[in-house]
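For reference, the structure is listed below as structure tokens.
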Amino acid sequence: MRFKRADLPSIAIAALAPAALFTVVVAALQLWRYEGTPLLSIIASTVAIGGGLLATLTQYVRHWRRVGIIAVLFVLDVAAVMVLQRTGNDWTLFALALKAGGAVLFLAANGAIGWDVVDFGLLPILDRRAAARAARNAARA
């Protein structure tokens, strides 16, 4: 099997996403003190499966610029929330709006990836099946 340039994002996501997601989940839920327990291995395996699926499905993403812009906006949003938390302004209206905006940006990134997977991955498969079915029906008639 030969790798193409289009496979590089999938390879990078397969290599980096599970470790990064595991770190984010453990840090967000403050689970560092559970070292040596089965909880961390369960979380790691669950996140690894999700990262593998994400890497597999990224071969169908064609609009990387759109996903990248949403990801940069999300990172900037998270950085702004962290700055507000460190300055003691965590529960202001602006901080809550930034947190809600971060949730919307996260959903938008997933929606952009999902849209491309459906548009360039699933729909061509369904079109080929429909064409094959129509050809079989035409041959029978």
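Here the sequence shown is numbered in numbering that gives the first Met the number 0, starting from 0 and rising by one per residue. Cβ coordinates follow ideal geometry from the N, Cα and C atoms, glycine included.
Beta-carbon spacing of residue i, residue j below 8 Å
i   : j    : result
G50 : L20  : yes
I48 : A111 : no
V66 : A14  : no
Three-state secondary structure (DSSP) of residue i
i    : result
V80  : helix
Q58  : helix
N88  : coil
T36  : coil
F21  : helix
R1   : coil
L97  : helix
L75  : helix
A140 : coil
L121 : helix
Integer-rounded CB distance, given that residue j should sit under 8 Å from residue i
i    : j   : result
I41  : V25 : Incorrect: roughly 12 Å between the Cβ atoms, too far for contact.
F119 : Y59 : 5 Å
CA-to-CA distance, residue j to residue i, given in whole angstroms
i    : j    : result
A94  : W114 : 30 Å
W90  : L72  : 21 Å
G87  : P123 : 51 Å
T22  : P37  : 16 Å
R132 : K3   : 32 Å
L106 : A137 : 44 Å
R64  : R139 : 46 Å
T45  : V117 : 23 Å
P17  : A130 : 38 Å
A5   : R135 : 34 Å
R61  : R1   : 20 Å
D97  : R85  : According to the sequence provided, residue 97 is Leu. The question's Asp does not apply to it. Approximately 15 Å between the Cα atoms of the pair.
Open item on the list: Using 8 Å as the cut-off, can you tell me whether the segment 74 to 81 makes contact with the segment 90 to 106, which would need three or more C-beta pairs spanning the two stretches below that distance?
Closed with: yes
Open item on the list: Is it the case that the segment 47 to 66 contacts the segment 3 to 19, given that we only count it when at least three CB pairs across the two stretches are under 8 Å?
Closed with: yes
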